[in-house]
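Peer 1: The structure under discussion is supplied below as C-alpha cells; questions concerning it will follow.
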Amino acid sequence: MSEDLDRTVPARPEAAARPEGEPARPEAEPARAPRPAVAPLVPGLALVLALAVAGAAVGELFPLVGGPAAGIVLGVLLAATKRPGARWRPGIGFASNRVLQTSVVVLGAQLSPAQIVQVGVGSIPVLIGSLVVCLTAAYGIGRWLGIVGDLRTLIGVGTGVCGASAIAATAPVIGAAGVEVAYAVSTIFLFNVAAVLTFPLLGHLLGMSGHSFGLFAGTAVNDTSSVVAAATSYGGTAADHAVVVKLTRSLMIIPICVGLAWLVRRRDHAVAAAEATARPRLRVVKLVPGFLIGFLLMTTANGIGLIPAAAHHGLGELSAFLITVALSATGLSTDLAALRRTGPRPLVLGACLWAVVSVTSLVLQLLTGSL
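Anchor point for the sequence shown: position 160 equals 160 in full-length UniProt numbering, and the numbering is continuous, going up by one each time.
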C-alpha cells in the first residue's frame with residue numbers, strides 16, 4: 001500500500017530537494033485577482049461626459065432647469081432611442097456609482113459647521129422642524145400610496161434636505177435602483193420649477209421681508225440653483241440668507257445617511273436571523289459610508305480654513321458638474337418600462353411633500369416670530 005501511494009502521489013520537487021533538518025519553505029501565495037482595467041471604462045465614461053457637458057450647457061442657458069436635471073433627461077432620451085450595449089455599461093456604472101460619491105465629497109467644500117451659527121438660532125427650529133415633518137410625511141403618505149420604500153425615501157430626502165445632492169448621497173447607502181433615482185430626481189425637478197415660479201408671488205402676497213423669504217426659500221425649495229433663482233428674484237437680502245440656510249440644511253445629509261445605513265444593516269441582520277444564516281454584525285464604524293467620511297473631512301477642512309474662500313465657487317461648480325455626470329449615467333441606465341409601471345403615484349407623493357414642507361416652513365416662522 002505504501003509503495004502504491006508513493007507511485008500515485010509524487011513528491012513535490014522542492015520537498016525532495018530540501019536538505020534534512022531545514023525548515024519547510026512557505027507555500028507561494030495564490031495570485032491575486034487583477035484590478036479592473038481602466039480601458040473598459042473609457043467608452044461609457046466618454047459618452048456620459050458628453051451628455052454631462054450638454055446638460056451643463058442647457059443648465060447655463062436655462063438656470064431654472066439646471067444641469068443635473070438636464071443631464072438625466074438627456075440620458076433618458078438617449079436610452080429611449082437606443083439602450084447602451086455591453087461595451088458602454090462599465091463606464092456608465094462607474095459614473096453612476098463612484099462619480100456620484102465623489103460629487104458628494106466635493107460638495108462638503110462649500111459647507112462649514114460654523115454656518116449653523118451664522119444662520120441664527122431663530123432659523124434652526126424652522127429648518128429642523130420642516131425636515132422632520134417632511135420625512136415623517138414621506139413615510140406615512142408614501143406607505144398610504146403604496147410606494148416602495150427606497151423610492152419614497154429618495155423623494156423624502158430630496159424634498160426635505162437638498163434635492164439631487166441628497167438623492168445622490170442617499171442612493172448608494174440604501175442601494176436604490178437607477179430607475180428609482182431617475183424618478184426621484186425628475187419629481188424633485190418638477191416641483192423645483194413650481195416653487196421658483198410661485199414662491200416669489202406668494203411672498204409678496206404675504207408681505208414677507210427679505211430675511212423671512214430667504215428662510216422660506218432655503219427651507220422649502222430643494223436644489224441650490226432653484227433656491228438661488230427663487231430668492232434672487234425677491235431681492236439681494238433674500239438671496240444671501242437663502243443660500244446660507246440652504247447650505248446649512250445640506251448638513252442634514254450626515255445624520256440622515258448614518259441613520260439610513262443603520263436601518264439597512266438592522267434589516268439585513270433581521271433577514272439573516274429569520275433565515276437562520278450567519279448574522280452580519282452591526283458595527284458602528286461601518287455604518288458611515290466612505291464617501292460620507294470624505295464629505296465630513298472636506299466640511300471640517302473648510303471650517304478650519306484649509307480651503308481658501310477663492311476656491312469655493314470653483315469647487316461648487318465641480319460638484320454640480322460631477323452630479324450632472326452621475327445623473328446623466330443614471331438616465332442612460334433608466335428602464336422606461338419600469339417607470340411606466342410605477343405610474344403617477346410618486347408624483348402625487350412629491351406634490352404632497354412639497355405642499356407639506358411649504359406650509360410647515362410658513363407655520364413655524366409664524367410661531368417663532370420670524371415671519
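Just so it is clear, CB atoms sit at the ideal spot from N, CA and C, and this is done for glycine as well. Since the structure is predicted, the reported quantities are computational estimates derived from the model, not experimental observations.
Is it right to say P308 is buried, meaning 16 or more other beta carbons lie within 10 angstroms of its own, or is it exposed?
Peer 2: As a position in the sequence shown, residue 308 is number 308, starting the count at 1. Exposed is the call here.
Peer 1: Three-state secondary structure (DSSP) at L371?
Peer 2: As a first step, residue 371 is located in the sequence shown; it is residue number 371 there, counting from the start. Coil, per DSSP.
Peer 1: Please classify P84 as buried or exposed, where buried requires at least 16 other C-beta atoms within 10 Å of its C-beta.
Peer 2: One-based indexing of the sequence shown puts residue 84 at position 84. Burial call: buried.
Peer 1: By Cβ distance, which residues of its chain are closer than 7 Å to G178, with the 5 residues on each side in sequence left out?
Peer 2: Counting from 1 along the sequence shown, the entry for residue 178 is found at position 178. Taken in chain order, the residues that qualify are S96, T330, S333 and T334.
Peer 1: Which class does R83 belong to by DSSP, given the choice of helix, strand or coil?
Peer 2: Here residue 83 corresponds to residue number 83 of the sequence shown, with the count starting at 1. Reduced to three states, the DSSP call for R83 is coil.
Peer 1: Which of the three DSSP states is assigned to I141 in this structure?
Peer 2: As a first step, residue 141 is located in the sequence shown; it is residue number 141 there, counting from the start. In this structure, I141 counts as helix in the three-state DSSP scheme.
Peer 1: Residues in the same chain with beta-carbon distance under 7 Å from Q101, minus the five sequence neighbours each way, listed in chain order, please.
Peer 2: Within the sequence shown, numbered from 1, the residue matching residue 101 stands at position 101. For Q101, where only same-chain residues beyond five positions count, the Cβ hits under 7 Å are P172 and F291.
Peer 1: Below 8 Å, how does it come out for the segment 156–170 and the segment 197–214: are there three or more Cβ pairs, yes or no?
Peer 2: At 8 Å Cβ cutoff, the stretches do not touch.
Peer 1: Could you check where the alpha helix (DSSP H) with P40 kicks off and where it finishes?
Peer 2: In the sequence shown, counting from the first residue as 1, residue 40 sits at position 40. Segment: none, P40 is in no alpha helix (DSSP H) and carries neither H nor E.
Peer 1: Could you please give the first and the last residue of the uninterrupted alpha helix (DSSP H) stretch that includes Q101?
Peer 2: Against the sequence shown, residue 101 aligns to sequence position 101. Run containing Q101: L100 to L107, per the alpha helix (DSSP H) assignment.
Peer 1: If you check the beta carbons only, do A231 and G214 fall under 7 Å apart?
Peer 2: Counted from its first residue, the sequence shown places residue 231 at position 231. Counted from its first residue, the sequence shown places residue 214 at position 214. For A231 and G214, yes; Cβs fall inside 7 Å.
Peer 1: With burial defined as no fewer than 16 other Cβ atoms inside 10 Å of the residue's Cβ, what is the status of L367: buried or exposed?
Peer 2: Here the question's residue 367 lines up with position 367 in the sequence shown. Counting Cβ neighbours within 10 Å, L367 comes out exposed, since fewer than 16 surround it.
Peer 1: Can you give me the Cβ contacts of S361 inside the same chain, cut-off strictly under 7 Å, excluding the 5 residues immediately before and after it?
Peer 2: Taking the sequence shown and counting its residues from 1, one reaches residue 361 at position 361. Closer than 7 Å at Cβ, skipping near neighbours: V126, S130, F216, T219 and A220.
Peer 1: Just verifying my parser: in three-state terms, what is the DSSP assignment at V148?
Peer 2: Here residue 148 refers to the residue found at position 148 of the sequence shown. V148: coil per DSSP, three-state reduction.
Peer 1: Kindly indicate which residue of L41, I254, V106 and T153 has the alpha-carbon position closest to the one of P90.
Peer 2: Reading the sequence shown from its first residue, position 90 is the one you call residue 90. Answer by Cα proximity: L41.
Peer 1: Relative to the alpha-carbon of A80, which residue among V359, V258, R340 and A355 has its alpha-carbon at the smallest distance?
Peer 2: On the sequence shown, position 80 is the one that residue 80 refers to. The option with the nearest alpha carbon to A80 is R340.
Peer 1: Is the distance from the Cβ of G142 to the Cβ of L347 below 7 Å?
Peer 2: Here residue 142 is taken as the residue at index 142 of the sequence shown, counted from 1. Here residue 347 is taken as the residue at index 347 of the sequence shown, counted from 1. No; because the gap between Cβ atoms is not below 7 Å, this pair is not in contact.
Peer 1: Return helix, strand or coil for Y234, following the three-state DSSP convention.
Peer 2: For the purposes of this step, residue 234 is taken as the residue at position 234 of the sequence shown. In this structure, Y234 counts as coil in the three-state DSSP scheme.
Peer 1: For M208, which three-state DSSP category applies?
Peer 2: Looking up residue 208 in the sequence shown gives position 208. In this structure, M208 counts as coil in the three-state DSSP scheme.
Peer 1: Would DSSP call F48 helix, strand or coil?
Peer 2: As a working mapping, residue 48 is identified with position 48 in the sequence shown. Per the sequence shown, residue 48 should be read as Val rather than Phe. DSSP places V48 in helix when its eight states are reduced to three.
Peer 1: Can you give me the start and stop residues for the alpha helix (DSSP H) that G316 sits inside?
Peer 2: Sequence index remark: in the sequence shown, residue 316 carries index 316 (1-based). It spans H312 to L332 - the alpha helix (DSSP H) in which G316 sits, taken as one unbroken run.
Peer 1: So what does DSSP say about W88, is it helix, strand or coil?
Peer 2: Along the sequence shown, one-based indexing puts residue 88 at 88. DSSP places W88 in coil when its eight states are reduced to three.
Peer 1: What separation, rounded to the nearest whole angstrom, lies between the Cα atoms of P43 and A86?
Peer 2: Here the question's residue 43 lines up with position 43 in the sequence shown. Here the question's residue 86 lines up with position 86 in the sequence shown. Distance between the alpha carbons of P43 and A86 is about 10 Å.
Peer 1: Give the straight-line distance between the Cα atoms of residue 408 and M298, rounded to the nearest whole angstrom.
Peer 2: Because the chain here runs from 1 to 371, residue 408 falls outside it and cannot be looked at.
Peer 1: Could you spell out where the alpha helix (DSSP H) holding T170 opens and where it closes?
Peer 2: Taking the sequence shown and counting its residues from 1, one reaches residue 170 at position 170. Looking at the DSSP string, the run of the alpha helix (DSSP H) that includes T170 is G163 to I174.
Peer 1: In chain order, what residues of the same chain have a beta carbon less than 8 Å from the beta carbon of L364, not counting five sequence neighbours either side?
Peer 2: Your numbering for residue 364 matches position 364 in the sequence shown. The answer, listed in chain order, is P125, V126, G129 and S130.
Peer 1: Restricting to Cα atoms, I'd like to know which of A239, R98 and D223 is closest to residue 383.
Peer 2: Absent from the structure is residue 383, since the part of the chain shown begins at 1 and ends at 371.
Peer 1: Residues in the same chain with beta-carbon distance under 6 Å from G160, minus the five sequence neighbours each way, listed in chain order, please.
Peer 2: Within the sequence shown, residue 160 is the residue found at index 160, counting from 1. Cβ within range, chain order: L131, C134 and L135.
Peer 1: To the nearest angstrom, how far is it from the Cα of E27 to the Cα of A37?
Peer 2: Indexing the sequence shown from 1 puts residue 27 at position 27. Indexing the sequence shown from 1 puts residue 37 at position 37. Here the model assigns E27 a pLDDT of 45, short of 50, so the residue's position is not dependable and the matter cannot be decided.
Peer 1: Compare the C-beta of G331 against all C-beta atoms of chain C and say whether one is closer than 7 Å.
Peer 2: No chain C is present in this structure, which holds just one protein chain.
Peer 1: Going by CA-CA distance only, name the one from I147, K82, I254 and V104 that's closest to Y183.
Peer 2: As a working note, residue 183 is residue 183 in the sequence shown. Answer by Cα proximity: I147.
Peer 1: Any contact of the segment 65–79 with the segment 257–269, i.e. 3+ C-beta pairs under 8 Å?
Peer 2: Output reads no: the segment 257–269 does not touch the segment 65–79.
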